[in-house]
Amino acid sequence: MKTIEAIISLMVLLSFASLTLIQPPQESSELTKYQLAEDVWRIAYLKGCFQQEISGVEDLAPSDPTNDMEEYCLNPLFQEIHEETGLLIDFSDTFEASAGPNRPGEGGVILHKVVVLNGVPTQTTLAVE
Amino acid sequence: MKQSKAFVSFDLLFAALPVLIMLSYLFTVIAFATEAANTYQDSAELTQKLSSIADYLVKRGAVERQLQGTEFLGTASYRPNVIDEVELGKFQYYQAEELGGWMGIENLEASFEAGEGTCVYRLVVVGEELELRKLYVCGEAA
Chain A
1 MKTIEAIISL MVLLSFASLT LIQPPQESSE LTKYQLAEDV WRIAYLKGCF QQEISGVEDL
61 APSDPTNDME EYCLNPLFQE IHEETGLLID FSDTFEASAG PNRPGEGGVI LHKVVVLNGV
121 PTQTTLAVE
Chain B
1001 MKQSKAFVSF DLLFAALPVL IMLSYLFTVI AFATEAANTY QDSAELTQKL SSIADYLVKR
1061 GAVERQLQGT EFLGTASYRP NVIDEVELGK FQYYQAEELG GWMGIENLEA SFEAGEGTCV
1121 YRLVVVGEEL ELRKLYVCGE AA
């Protein structure tokens, strides 16, 4: 009888542990986040954020294309999307950004895309969380 | 002898009572966990179905298109994420109910306003000005 009691007591004790592991369903799955990140990229493309003026040969000191792209198109668009959806979006023209301080937290996703900047294909990173 | 038998019965009763209470608690926890798991599974399944429908709508089903040739013999080019409100209306009017029934979703609805039940949304643009909108796809498990 005491053995049975001990076994049942252990099961009850373990059931407390299982109760703490039961979590409510996640509101937004990773798949949905990836789809939204692709949407952000696609809309930035549609809005012309990745179009660049072709610099003339005489233009010896062109402005930084990444800064222009971010300042005049991407940042306002990301701000608008943030106000609409609450998504935090970070764009970087380096591949390593995904491992640095800009790495998104749990539930965030990262897209790597290639953009031509000054005629040079450049790996860029888009983080959405 | 009768008195000792009664004492044995009381002893057994008091020994068994905690066991029964713990067993009933255990069954309650198991029932709760099973229900939570089922709810989670249903919710995840419904969300995935709605995500699939939303993905179809923003890539093909409700986007602007250019047709060349006839509708059945020609070719079409699509503009993903650029929603054609006429095509969206056609989906809602002609296809939503049939598709929802086929996929086990009730009250399937795709619009720019959040509807009833579980909803997923996608980011789209509308019109020549490419106005940013949220396209909601909502429904309930059948």
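Protein chains in written order, with this note's numbering: chain A, 1 to 129; chain B, 1001 to 1142. For glycine and all other residues, C-beta sits at the position ideal for the given N, C-alpha and C.
From the DSSP output, which residues share a beta bridge with residue i?
| i | result |
| --- | --- |
| residue 1119 (chain B) | B:1138 |
| residue 1042 (chain B) | The partner list for residue 1042 (chain B) (beta bridge, DSSP) is empty, contrary to what the question assumes. |
| residue 113 (chain A) | A:124 |
| residue 1126 (chain B) | B:1083, B:1131 |
| residue 90 (chain A) | A:127 |
| residue 1075 (chain B) | B:1068 |
| residue 1105 (chain B) | B:1141 |
| residue 1110 (chain B) | B:1137 |
Whose CA, out of the options, lies closest to the CA of residue i?
| i | options | result |
| --- | --- | --- |
| residue 43 (chain A) | B:1042, B:1117, B:1083 | B:1083 |
| residue 110 (chain A) | A:47, A:129, A:74 | A:129 |
| residue 1060 (chain B) | B:1045, B:1072, B:1079 | B:1079 |
| residue 1087 (chain B) | B:1113, B:1058, B:1073, B:1044 | B:1058 |
Under 9 angstroms between C-beta atoms, does residue i make it to chain B?
| i | result |
| --- | --- |
| residue 113 (chain A) | no |
| residue 39 (chain A) | yes |
| residue 51 (chain A) | no |
| residue 11 (chain A) | yes |
| residue 92 (chain A) | no |
| residue 130 (chain A) | Only positions 1 to 129 of chain A appear in the structure, and residue 130 (chain A) is not among them; the question remains open. |
Any beta carbon of chain A sitting closer than 9 angstroms to that of residue i?
| i | result |
| --- | --- |
| residue 1088 (chain B) | no |
| residue 1083 (chain B) | no |
| residue 1125 (chain B) | yes |
| residue 1103 (chain B) | no |
| residue 1047 (chain B) | yes |
| residue 1110 (chain B) | no |
Touch test, the region 1029-1041 of chain B against the region 1086-1093 of chain B, Cβ-Cβ under 8 angstroms, three pairs minimum: no
Does the count of Cβ pairs from the region 1047-1055 of chain B and the region 29-39 of chain A closer than 8 angstroms reach three? yes
At a cut of 8 angstroms, does the region 113-123 of chain A reach the region 1021-1029 of chain B through at least three beta carbon pairs? no
Evaluate the contact criterion for the region 1121-1134 of chain B versus the region 69-86 of chain A: three or more CB pairs, one atom per stretch, below 8 angstroms. Touching, yes.
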